[in-house]
Amino acid sequence: MSSESNSTTPGASRPGLDIVALLKQHAGENYELHSQHVNPANVRTLKTIGFDRCYVRAEGPYLWDVKGEKYLDLLSGYGVFGLGRNHPEVRRVLKEFLDANYSSLVKMEAPLLSGLLAAELKKRMPNQLDYVFFNNSGAEGVETALKYARCATGKPAILHCKKSFHGLTYGALSVNGDESFREGFEPFLPGARAIPFNDLAALEAELKKGDVAALVIEPIQGKGVNIPSPGYLRDAIALCRKHGVLFIDDEVQSGMGRTGKFLAIEHEGPGMDPDIVVLAKTLSGGFVPVGATLCKKWIHEKVFSSMQRSVVHSSTFSQGSFAMAAGLAALDVLDRENLIANAARMGDLLGNGLRAMIPRFEFMKEVRNRGLMLGIEFGSPKSLTLKMAWTTCHTLDKSLFPQAAIIPLMDKHHIITQVAGHAIDVVKLLPPLVITEADAQWFLTAFEDVMVQMHKFPGPAWDVLTGIGKMALTQRAR
Ligand SMILES: Cc1ncc(COP(=O)(O)O)c(C=O)c1O
Numbered sequence: 005m006s007s008e009s010n011s012t013t014p015g016a017s018r019p020g021l022d023i024v025a026l027l028k029q030h031a032g033e034n035y036e037l038h039s040q041h042v043n044p045a046n047v048r049t050l051k052t053i054g055f056d057r058c059y060v061r062a063e064g065p066y067l068w069d070v071k072g073e074k075y076l077d078l079l080s081g082y083g084v085f086g087l088g089r090n091h092p093e094v095r096r097v098l099k100e101f102l103d104a105n106y107s108s109l110v111k112m113e114a115p116l117l118s119g120l121l122a123a124e125l126k127k128r129m130p131n132q133l134d135y136v137f138f139n140n141s142g143a144e145g146v147e148t149a150l151k152y153a154r155c156a157t158g159k160p161a162i163l164h165c166k167k168s169f170h171g172l173t174y175g176a177l178s179v180n181g182d183e184s185f186r187e188g189f190e191p192f193l194p195g196a197r198a199i200p201f202n203d204l205a206a207l208e209a210e211l212k213k214g215d216v217a218a219l220v221i222e223p224i225q226g227k228g229v230n231i232p233s234p235g236y237l238r239d240a241i242a243l244c245r246k247h248g249v250l251f252i253d254d255e256v257q258s259g260m261g262r263t264g265k266f267l268a269i270e271h272e273g274p275g276m277d278p279d280i281v282v283l284a285k286t287l288s289g290g291f292v293p294v295g296a297t298l299c300k301k302w303i304h305e306k307v308f309s310s311m312q313r314s315v316v317h318s319s320t321f322s323q324g325s326f327a328m329a330a331g332l333a334a335l336d337v338l339d340r341e342n343l344i345a346n347a348a349r350m351g352d353l354l355g356n357g358l359r360a361m362i363p364r365f366e367f368m369k370e371v372r373n374r375g376l377m378l379g380i381e382f383g384s385p386k387s388l389t390l391k392m393a394w395t396t397c398h399t400l401d402k403s404l405f406p407q408a409a410i411i412p413l414m415d416k417h418h419i420i421t422q423v424a425g426h427a428i429d430v431v432k433l434l435p436p437l438v439i440t441e442a443d444a445q446w447f448l449t450a451f452e453d454v455m456v457q458m459h460k461f462p463g464p465a466w467d468v469l470t471g472i473g474k475m476a477l478t479q480r481a482r
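Residue numbers (our numbering): 5 to 482.
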């Protein structure tokens with residue numbers, strides 16, 4: 005762990021940490037360390053599906069493991085690496101910033117960089133949003149929005165959609181429509197009520213009860229990549245307005261250009277008027293946790309209603325200068341490299357390429373995408389033998405089937421993807437916005453090969469999966 009090149013500060017008993025040497029010394033020990041110190045259950049899962057790789061280098065949409073193998077990352081850290089990994093421009097800005105020895109988190113001050121980043125974010129909104137609260141994650145942004153909504157309206161209830169995902173802190177989890185995340189953590193925030201996504205009548209019925217502060221909604225649901233019908237979001241805003249209820253647009257995953265527009269809600273056309281918008285993920289460029297909650301003036305004035313209440317909602321790390329510099333650099337890269345247009349173009353390429361495969365492969369039911377937020381849904385096939393594979397998988401475990409695609413995508417083709425949620429048959433892609441046509445083709449060729457193998461039953465593609473399914477059954481039985 006020592007290094008001759010490292011300087012020793014006066015009074016220090018030994019040379020400072022050599023991080024590069026430390027990484028080399030322990031390369032490949034990841035899963036052993038995690039089994040012992042971090043999360044053994046997660047290690048078992050990763051090993052079971054063959055995702056237990058040790059990555060040592062990252063650049064753009066690519067990762068390299070300890071053996072030097074190259075991977076295409078179509079998950080981008082759940083969407084954090086919209087700009088790709090280690091973007092050279094964001095890195096340059098952050099290095100220059102560190103070298104400037106600039107101040108941060110003085111707290112009893114108004115920091116310059118958060119003012120500049122807030123102004124930049126406001127410029128990119130489809131409507132007039134006046135003030136920005138900075139936080140450190142998507143869930144914190146949602147917490148901010150929920151607190152604002154209750155405080156501004158004086159009402160207790162928050163509506164959310166079934167199958168939604170807004171984060172895993174208590175407020176966010178209370179409006180999380182995915183039961184698998186909630187189990188074991190009850191009771192939740194009183195007044196959190198679920199409605200079906202894409203159902204205006206259900207929304208209006210709840211709004212009419214008169215106790216609702218806000219509807220919190222993802223313009224495209226991340227779990228499952230569910231895209232609402234045209235007009236739904238616009239009409240939902242109008243209904244909320246009619247009943248004096250705030251519309252919270254959770255763009256943590258779909259925002260920052262991922263869908264081919266800065267905000268996914270803009271796909272409804274001009275004039276969209278959300279009361280609160282939540283951003284995170286790509287806003288950091290992947291380097292520092294940072295999120296932002298933007299809101300209208302009247303809402304802000306209700307919360308921060310006096311000098312005594314001027315920091316009534318706050319967080320120690322909010323507005324850290326390094327995070328704000330990362331945010332400014334990320335927006336600059338997004339603009340200068342035309343990444344939003346690239347997201348739209350690459351999304352079309354991938355979406356259309358995948359849709360063209362549907363007639364050839366019985367398991368493929370639907371491909372949904374807005375830009376680079378893509379979901380490939382599987383469904384029950386027609387032919388009897390394949391139906392047997394489908395039924396066997398679903399009997400063993402409801403979340404098993406899509407693993408048949410993501411495991412060989414990783415194992416054979418070195419492409420990182422994920423299953424879009426629990427007990428749904430959807431493979432999800434959240435590629436970095438910087439992917440090229442060659443990357444898209446890498447995936448399309450690989451996916452086609454995986455589909456060919458999956459449509460051979462019985463066959464080796466299914467042996468791995470039934471093994472995993474049986475293991476899951478045994479574990480549950482214990
Ligand atoms: C729409 C949405 N909201 C909120 C969150 C929570 O963000 P975080 O994991 O940064 O807390 C996520 C995370 O995936 C998300 O997709």
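Quick reminder that beta carbons are idealized off the backbone N, C-alpha and C, glycines included.
Remember, predicted model here, so these are calculated numbers, not experimental data.
Judged by beta-carbon spacing, residue 407 lies beyond the 7 Å limit of residue 79, meaning their Cβ atoms are not closer than that value. In the three-state reduction of the DSSP assignment, residue 381 falls in the strand class. Taken in chain order, the complete beta strand (DSSP E) segments of 3 residues or longer contained in the region 374–433 are 377–382, 430–433. Residue 69 holds the alpha-carbon nearest to the alpha-carbon of residue 56 among 161, 69, 461, 443.
In this structure the region 125–134 lies against the region 294–305, because at least three pairs of beta carbons, one per stretch, are closer than 8 Å. Contact between the region 171–184 and the region 272–281 is absent: fewer than three C-beta pairs spanning the two stretches fall below 8 Å. For residue 414, same chain residues with a beta-carbon under 7 Å away, outside a window of 5 residues either side, are 54, 55, 420 in chain order. When secondary structure is reduced to three states using DSSP, residue 74 falls in the strand class. For the 7 Å CB-CB criterion, residue 303 and residue 152 form a contact. Counting along the chain, residue 202 sits inside no alpha helix (DSSP H), nor does DSSP assign it H or E at all.
The shortest C-alpha to C-alpha distance from residue 137 to any of 227, 320, 472 is the one to 320. One Cα belongs to residue 18, the other to residue 325, and the distance between them is close to 31 Å.
Counting other Cβ atoms within 10 Å of its Cβ, residue 323 reaches 16 or more and is therefore classed as buried. Each of 367, 272, 155, 207 was checked against the Cα of residue 245, and the nearest Cα belongs to 207. In the displayed model, residue 287 falls within a helix according to three-state DSSP. One alpha carbon belongs to residue 380, the other to residue 453, and they sit about 15 Å apart.
Under the three-state reduction of DSSP, residue 317 is assigned to coil, being neither helix nor strand. By the criterion of at least three beta-carbon pairs nearer than 8 Å, the region 460–476 is not in contact with the region 430–437. DSSP, reduced to helix, strand and coil, places residue 155 within a helical segment of the structure shown. Cβ-Cβ distances below 7 Å link residue 97 to 329, 333 in the same chain, with the five nearest sequence neighbours on each side left out; the list follows chain order. In the DSSP assignment, residue 52 is bridged to no other residue. Per DSSP, the beta-bridge partners of residue 299 are 135, 280. A straight-line Cα-Cα distance of about 4 Å links residue 348 and residue 264. Residue 222 has its Cβ nearer than 6 Å to a heavy atom of ligand 1. In the structure shown, residue 251 falls within a strand segment according to DSSP collapsed to helix, strand and coil.
In summary, residue 262 is buried, with 16 or more beta-carbon neighbours lying within 10 Å of its beta-carbon over all protein chains present. Counted as a single uninterrupted DSSP element, the alpha helix (DSSP H) harbouring residue 340 occupies residues 325–340. Distance check between residue 163 and each of 190, 254, 273, 392 places 254 closest, using alpha-carbon atoms only. The criterion of a C-beta distance shorter than 7 Å is satisfied by residue 166 and residue 198.
Excluding residues up to 5 positions away in sequence, 163, 197, 199, 216 lie with their Cβ nearer than 7 Å to the Cβ of residue 210 in the same chain. Residues whose Cβ lies closer than 6 Å to any heavy atom of ligand 1, listed in chain order: 82, 141, 142, 143, 146, 169, 170, 171, 222, 226, 254, 256, 257, 284. Fully contained in the region 67–125 are the following alpha helix (DSSP H) runs of length 4 or more, in chain order: 80–83, 92–103. Approximately 18 Å separates the beta-carbon atoms of residue 342 and residue 354; this is outside 8 Å, ruling out the contact. Taking the Cα positions, residue 427 is about 19 Å away from residue 177.
Residues 167, 168, 169, 227, 425, 426 of the same chain have their beta carbon placed closer than 8 Å to that of residue 182, with the five preceding and five following residues left out of the count. Comparing C-alpha distances from residue 39 to each of 29, 392, 50 shows the shortest one belongs to 50.
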